[in-house]
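Notes for the one structure printed next.
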């Protein structure tokens, strides 16, 4: 019996993954079909930005300071403290920026999307839209997917700037790193290709978080408020798992593309 239960669970998981990919394909397809829901897109963009901005800034500062502090200790031991700017910029642009941004977007914005769509689903509003001939994917999912990606893209730029500035302030005023050497080292490892890849990663992560949230919200079958709460919790877990897997793949591709 345990083997049979495992087989059933695996079958359900594969069906869920397939349904997520199918919904994602439909969302991308309706991106190029009129009418595009501009009002929904702008409202969701503002909503995700509003709930994600403050937590992103509060998380970005200690993260970048911790990285700079640890890196500077290592560089001092190696006699290369003047390279702290290179490490701080490279870490903020390639990893900290996209990851910190989208962890907050997935944890705050995506969960709110899931709760909203889940509430509409259990109130049978989604069924009512379909009866009226309104496609829920085109009307609700595509604008939310784009809104999540856009906000993640914009917040990533802000986190990178805060990361570099925070690393500079902490390194120069706390750990006595030469300010000129720090500034000169910023572009040593980080150039335009790294910045472009960072922006692509953030936007891609945001799109994935939005799609996962929309799928879980629309796939609730019953159970009332408890089912919505479970879907919100699952959104966080599934989004984080997806983001870490995609981050490994995109980072590997980026390293191959920017290898000199």
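Residue numbers (the numbering used here): 168 to 427.
Idealized CB from N, CA, C, for every residue including glycine.
Per DSSP, reduced to three states, the secondary structure at residue 383 is helical. DSSP places residue 211 in the uninterrupted alpha helix (DSSP H) bounded by 205 to 245. In the three-state reduction of the DSSP assignment, residue 290 falls in the coil class. In the structure shown, residue 411 falls within a helical segment according to DSSP collapsed to helix, strand and coil. Between residue 372 and residue 251, the CB-CB gap reaches or exceeds 9 Å. In the structure shown, the three-state DSSP call for residue 342 is coil. Between residue 410 and residue 308 the beta-carbon gap is near 19 Å, outside 8 Å, which marks them as no contact. Taken through DSSP and simplified to helix, strand or coil, residue 388 comes out as coil.
Taking the Cα positions, residue 227 is about 12 Å away from residue 219. The three-state reading of DSSP puts residue 302 in coil, since its state is none of H, G, I, E or B. Its chain contains 304, 308, 378, 381, 382 and 385 as the residues whose beta carbon lies nearer than 8 Å to that of residue 190, once the 5 sequence neighbours on both sides are disregarded; these appear in chain order.
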